[in-house]
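Quick note on the numbering used here: the sequence shown kicks off at 1 and runs consecutively.
Data block below; observations after.
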Amino acid sequence: MSLLQVISFFLTWAGCWLPIAILLLIARGWQIGTLEPAQKLPLLGSLYLLAPIILWIASLITNSSFRDYGLVWNFAILRSLSVGLAIAVLSLTILFAIQTILGWVKWQKISAQQITSVVLPTLVLALWVSATEELIFRGFVLTQLQQDYTLAIAAIISSVIFAVLHLVWEQRETVPQLFGLWLMGLVLVLARLVDDGSLGLAWGLHSGWVWAIASIDTAGILTYTGNAPEWVTGKYGKPLAGILGIFLLLATGGMLVLSFEF
1 MSLLQVISFF LTWAGCWLPI AILLLIARGW QIGTLEPAQK LPLLGSLYLL
51 APIILWIASL ITNSSFRDYG LVWNFAILRS LSVGLAIAVL SLTILFAIQT
101 ILGWVKWQKI SAQQITSVVL PTLVLALWVS ATEELIFRGF VLTQLQQDYT
151 LAIAAIISSV IFAVLHLVWE QRETVPQLFG LWLMGLVLVL ARLVDDGSLG
201 LAWGLHSGWV WAIASIDTAG ILTYTGNAPE WVTGKYGKPL AGILGIFLLL
251 ATGGMLVLSF EF
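Right, dumping it as structure tokens:
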């Protein structure tokens, strides 16, 4: 029954969003197969603006609340968010520092204009997108699945859904990242567990990783030298599609287990 409720949620969400997406495509004269990343943002924005509304309706049907999903607006969640952001940024700093020392990547200078036009807006976007995804996948989906499955099975299923649904926006570059995205989902489930059921830490980790990687990609300040194979650094320049990115997630998961009490 819980899996059926999860499927029903996604079908309802997609069904409500589809007319909006069609209208946007017609109004802008866009073709689905030729959309640029910037053109996908309005579609993504409209989809994620709908999510809290659909989740609120789902919570009424299932007799639950956002609090049950781990979202409680208080100082503690903001503190956990900050800790998660710091851990995520630090982990990626270490990852890219190692690659820089080994001569696997090169950096370009970043200007003050790039900071204001790319880095800061990307932070806001990362916080919003990550909050929405955490509320859905580590909140609603995980909580619902735990009604019929063990925590381990619920974590695996919710992480599979999390990874696979990324194919909606990009296929070629996402396929090599599927395992990494699945593992990321598991690490974020662990983050919720060690944060006493709150989404704060998972939200911070998710936001920090998205923010840092998206800022680097958008600003174009990093290039791979080709001195290391893609399966190590990440196919198409995506850390989650390489061994180093997998090690980063495993190290983060291990640190969470060692640093926090259940």
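Glycine residues also receive a C-beta, built at the ideal position from the N, C-alpha and C atoms.
{"Item": "Within the segment 188–239, ranges of the beta strand (DSSP E) (whole runs, at least 3 residues)", "Value": "222–224"}
{"Item": "Cα-Cα separation, Q146 to I94", "Value": "35 Å"}
{"Item": "Residue closest to G103, alpha-carbon to alpha-carbon, out of L178, I77 and G226", "Value": "G226"}
{"Item": "Closest residue to A212 among D68, G84 and W73 (Cα-Cα distance)", "Value": "G84"}
{"Item": "G70 beta carbon less than 7 Å from that of G204", "Value": "no"}
{"Item": "Neighbourhood of I20 by C-beta, 7 Å cutoff - its chain only, sequence neighbours within 5 removed", "Value": "S46"}
{"Item": "DSSP state of W104 mapped onto helix, strand, coil", "Value": "coil"}
{"Item": "V6, buried or exposed, once every other Cβ within 10 Å from all chains shown has been counted against 16", "Value": "buried"}
{"Item": "Test item: CB-CB of T12 and I77 under 7 Å", "Value": "no"}
{"Item": "Pair within 7 Å by beta-carbon distance, A241 and V118", "Value": "no"}
{"Item": "Proximity winner among V187, L190 and L165, relative to L178 (alpha-carbon distances)", "Value": "L165"}
{"Item": "Nearest-angstrom beta carbon gap, A163 and L188 [assumed within contact, 8 Å]", "Value": "About 12 Å; that fails the 8 Å criterion."}
{"Item": "Three-state secondary structure (DSSP) of L167", "Value": "helix"}
{"Item": "CA-to-CA distance, T252 to F75, given in whole angstroms", "Value": "24 Å"}
{"Item": "With 16 other Cβ atoms within 10 Å as the buried cut-off, status of D195", "Value": "buried"}
{"Item": "Cβ-Cβ distance between A202 and E133 below 7 Å", "Value": "no"}
{"Item": "Contact belief for G139 with L81 at Cβ below 8 Å, rounded distance in angstroms", "Value": "With 8 Å as the limit, G139 and L81 do not qualify as a contact, their Cβ atoms being about 14 Å apart."}
{"Item": "Cβ-Cβ separation, S130 to V210 (assumed contact under 8 Å), whole Å", "Value": "6 Å"}
{"Item": "Whole-number beta carbon distance between T223 and V72, since they are thought to touch under 8 Å", "Value": "Not quite, the Cβ-Cβ distance comes to about 42 Å (not below 8 Å), so this is no contact."}
{"Item": "V168 classed as buried or exposed, judged by whether at least 16 other C-beta atoms fall within 10 angstroms", "Value": "exposed"}
{"Item": "Beta carbon of F9 nearer than 7 Å to that of A86", "Value": "no"}
{"Item": "Status (buried if at least 16 other CB within 10 Å, exposed otherwise) for G15", "Value": "exposed"}
{"Item": "Cα-Cα separation, V141 to S158", "Value": "6 Å"}
{"Item": "Alpha-carbon spacing of G254 relative to G234, whole angstroms", "Value": "21 Å"}
{"Item": "Inside the segment 33–106 only - alpha helix (DSSP H) runs reaching at least 4 residues", "Value": "37–61 and 75–101"}
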